[in-house]
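*Asks:*
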C-alpha cells in the first residue's frame, strides 16, 4: 500500500466518520409508532442528534434485550404503562424529575401516578393512550348491535369477526362482557371466562396481529375486530371512511404506553430531553398520528396542533365520556398471567 | 500426530470453533434453560422435566406440534410433486442456452421480501381477492381461503417449489440420457424406466430439497402467522407466545429443543439419500 493511498484512505475514513463525531447518539428501545421520521426528525434537528431506534413487542422481550445489553447501550425505553412497576423493580428504569414533566397539562386519568410513580419516585410518564374495544365496518354491521357485546356471539355475525391477537385486552373485554372488572381479573375469575371466550372464538374468522387485523377489516375479510379501536382504524380512515369503532355498553379497555429513561443511560440529560420532547405538544401531536398506529396524546395541549379531521378520527371531543367508561388494562400477577396465556393457547388451538 | 494430520486439524479448526461458538454452546445453553422453570416472573435454574411434561401432556400445546408436522409434510410432498416436473421441463425440454433464463424466472419470486410475499398471498386469497373475483366471473364462490391452513400451505408451497426446483434440476442435468435409452432398449416402458431408473437416480436431489424444505417450513413463524389467521397454532407460534409478554424462556426453550429433535429425526430418516453438497 502506498503512503499516498494510505493517507487517502485515512481521509476517507475521517470523512465517513465525521457525522457520527459531530452528532450525539440517542438509543431508544421503542414501539413501532416511535420509528416515524415525522416524530424523530424535529428532535434530531433541534438537538443535532441521531436517534437510533429499536422496536420490540412485549415487555418480556424488551427486558430480555436490556438483559443482553451492556449498561449505557440504551437511553430511553417505551413501556406498557401497566408494566412500568415491573420494569422499574427490575432496576431497568432510572427516576426522572417529576417537575420536568408537563403532567399538569395531561388528561387527569392519564397522569397514572399509580403506575408511573413508585415509592414517590417517577420512573416513567404516560405518552399515548387509546382503547381496545370493537372496530367495525358500519356499512356491513348494524352500529346499534356494536353497542352490546352480546351481539358478537348472537350468531348474526358468525364468521365475520376477527379477534386481535393479544390476550390481555381481549380477555379483559370478555371479562367486561361477563361483568368482571379488569382489576378483579385473577386466576379464579378466568374459569368463568372460558366459555364466553370459546363462544367468541367459535363465531370468529381469525385471530390476528395489528397489520393482519387491519388488512382483514380493510379488505372485507372480516367486518368486526374485537380488541380494535382507533389505533386499528385511524390509519385506514382516509381510504376507508366506513370503518368505525365504539365502546359498547359493557365498557372497553384503555391501553396506554409510557416512556422513561433507562438506568445507566450513557447520556441521561439527552434522554430526559427526548422524554420531554415526546410529551411536549409538538411531540405528542406527531406521536398521536404516527404512521404505524394512531392514539390519543396524553397531553391535552397537543389538541391545539391537531387538525379538526385528526381530532375527529381520534374522537377528541368524546374523551371525557370514553375515559369514564373504559377500564385500565388488567395487571395480572405472574400466576394469573400464565393462566391467561394457557387459556389463550387453548382458545387458539381449540 | 503427523504433519498432515496437524495441517488437517489446523484447516478444520476455524470451522469447528465457529460451530462450537455459534451452535453447540448456544444449543447447550438452551437445553439447560429448558429444564429450568418460572417462579413468578423469575427463571429458576434447575433440573425439571415440567416443561416437557406440559409440552407433551397438554393437548393444546401438543396440538401445535401435530399441526406443524401435518403442515410441513403436506408442503414437502406438494412441493416435490410440483417441482420435479418443473425441473424436468427445464432440464430436458428447454434448450441449454435458455435454461439459465428459465431457472432465473423460476426463482424470481425469491427476489421479493418473504413478508411482502405472504401478505400478497393474503390479499390474493381474500374474500375480495384476485382468485375469488376470478371465480365470481364464472359464477363460483366466494370461497373462504384466507386465514386457513390451505392459505398457509399455498404460501409455503409457492416458496419451496422454487427451492426444490433448483436441487432437483442440479440432479437431473447430471443424468446422461443414455440411462433412459438403455432401459428402453432393454424393453422397459417409459413409465417403468421412469420409476425404476430416473426416479431413483434423482432421489438425492429430491431428498436434499425435501429435507431443506422440511427444516425451513417447520421452523417458520411468518407464513402461518400471516396466512393462517391463527386458526391453529404451529410450534414456532407457540414458542413466540411464550416469549412476548410472559417471558417464559424455559418453556420456549423446551419447545425449541422439541423442534430441533423433530428436525434431527427428519435428518435421520433422509440421511441415506442426503447430498447437501448439491445445494
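Protein chains in written order, with this note's numbering: chain A, 45 to 394; chain B, -19 to 259. Cβ coordinates follow ideal geometry from the N, Cα and C atoms, glycine included.
1. According to DSSP, residue 19/B sits in a beta bridge with which residue or residues?
2. In whole angstroms, what separates the C-alpha of residue 389/A from that of residue 249/A?
3. If residue 279/A and residue 392/A are in contact, beta carbons under 8 angstroms, what's the gap, nearest whole angstrom?
4. Does DSSP put residue 162/A in a helix, in a strand, or in coil?
5. What does residue 210/B reach in chain A if we use C-beta pairs closer than 9 angstroms?
6. On a Cα-Cα basis, can you pick out the residue from 298/A, 229/A and 263/A that is closest to residue 274/A?
7. DSSP beta-bridge partners for residue 341/A?
8. Is the Cβ-Cβ distance between residue 187/A and residue 267/A less than 9 angstroms?
9. How about residue 54/B and residue 104/B: do their beta carbons lie closer than 9 angstroms?
10. Look at the alpha carbon of residue 135/A and the alpha carbon of residue 307/A, and state the distance between them as a whole number of angstroms.
11. Anything in the segment 226 to 246 of chain A with a Cβ closer than 9 angstroms to a Cβ of chain B? List those residues in chain order, please.
12. Just how far apart, CA to CA, sit residue 221/A and residue 385/A?
13. When you compare each of 130/B, 11/B, 107/B and 131/B to residue 120/B by their alpha carbons, which one comes out closest?
14. What residues match up with residue 121/A in a beta bridge as DSSP calls it?
15. Does the segment 311 to 319 of chain A come into contact with the segment 193 to 204 of chain A, if we say contact requires no fewer than three beta-carbon pairs (one atom in each stretch) closer than 8 angstroms?
16. Counting only Cβ pairs nearer than 9 angstroms, list the residues of chain B close to residue 263/A.
17. Alpha carbon to alpha carbon, how far is residue 160/B from residue 173/B? Give it in angstroms, no decimals.
18. With DSSP run on the structure shown, which of helix, strand or coil describes residue 369/A?
19. In this structure, what does DSSP give as the bridge partners for residue 270/A?
20. Is residue 272/A close to chain B? Criterion is C-beta to C-beta, closer than 9 angstroms.
21. Could you run through the segment 75 to 103 of chain A and flag, in chain order, every residue whose CB is less than 9 angstroms away from some CB of chain B?
22. Who are the near neighbours of residue 68/B in its chain, counting only those whose CB is closer than 7 angstroms to its CB and skipping five residues on each side?
23. If I measure Cβ to Cβ from residue 192/A and keep anything under 7 angstroms in the same chain, skipping five residues before and after, which residues do I get?
24. Nearest chain B C-beta to residue 107/A closer than 9 angstroms, yes or no?
25. Run through chain B and tell me which residues come within less than 9 angstroms of residue 378/A, C-beta to C-beta.
26. According to DSSP, simplified to helix, strand and coil, what is residue 192/A?
27. For residue 375/A, name the three-state secondary structure that DSSP assigns.
28. Since residue 1/B meets chain A, which of its residues come closer than 8 angstroms, beta carbon to beta carbon?
29. Residue 70/B and residue 149/B: beta carbons closer than 9 angstroms?
30. Output the distance between the C-alpha atoms of residue 49/A and residue 98/A, rounded to the nearest integer angstrom.
31. For the putative contact between residue 119/A and residue 334/A, defined by C-beta atoms under 8 angstroms, what is the C-beta separation to the nearest angstrom?
32. Give the residues of chain B in contact with residue 382/A, contact being defined as C-beta atoms less than 9 angstroms apart.
33. Given that residue 44/B touches chain A, what residues does it touch there, using C-beta distances under 7 angstroms?
34. Need the endpoints of the alpha helix (DSSP H) that residue 258/A sits in, please.
35. Would you mind stating whether residue 20/B and residue 377/A have Cβ atoms separated by less than 9 angstroms?
*Replies:* To lay it out plainly:
1. 22/B
2. 16 angstroms
3. Incorrect: roughly 26 angstroms between the Cβ atoms, too far for contact.
4. Annotated three-state conformation of residue 162/A is strand, per DSSP.
5. 207, 209, 250, 251, 252, 253, 256 and 392
6. 298/A
7. 172/A
8. no
9. no
10. 7 angstroms
11. Correct list: empty, as no residue qualifies.
12. For residue 221/A and residue 385/A, the gap between their C-alpha atoms comes out near 19 angstroms.
13. Measuring from the Cα of residue 120/B, the nearest candidate turns out to be 107/B.
14. 73/A and 304/A
15. no
16. 102, 103, 106, 107, 108, 109 and 126
17. 6 angstroms
18. helix
19. 178/A and 207/A
20. no
21. Answer in chain order: 101, 102 and 103.
22. 152
23. Within the same chain, residue 192/A has close Cβ partners 292 and 293.
24. Cβ-Cβ to chain B under 9 angstroms: yes for residue 107/A.
25. 18, 19, 20, 21, 22 and 226
26. When secondary structure is reduced to three states using DSSP, residue 192/A falls in the coil class, being assigned neither helix nor strand.
27. Correct three-state label for residue 375/A: coil.
28. Result: empty, since nearest Cβ-Cβ is about 16 angstroms, beyond 8 angstroms.
29. yes
30. Residue placement at residue 49/A cannot be trusted, given a pLDDT of 46 that sits under 50; what the coordinates show is reported in the next sentence. Residue 49/A and residue 98/A: Cα-Cα distance of roughly 38 angstroms.
31. Not quite, the Cβ-Cβ distance comes to about 20 angstroms (not below 8 angstroms), so this is no contact.
32. 18, 226 and 228
33. 393
34. 254 to 263
35. Yes; because the gap between Cβ atoms is below 9 angstroms, this pair is in contact.
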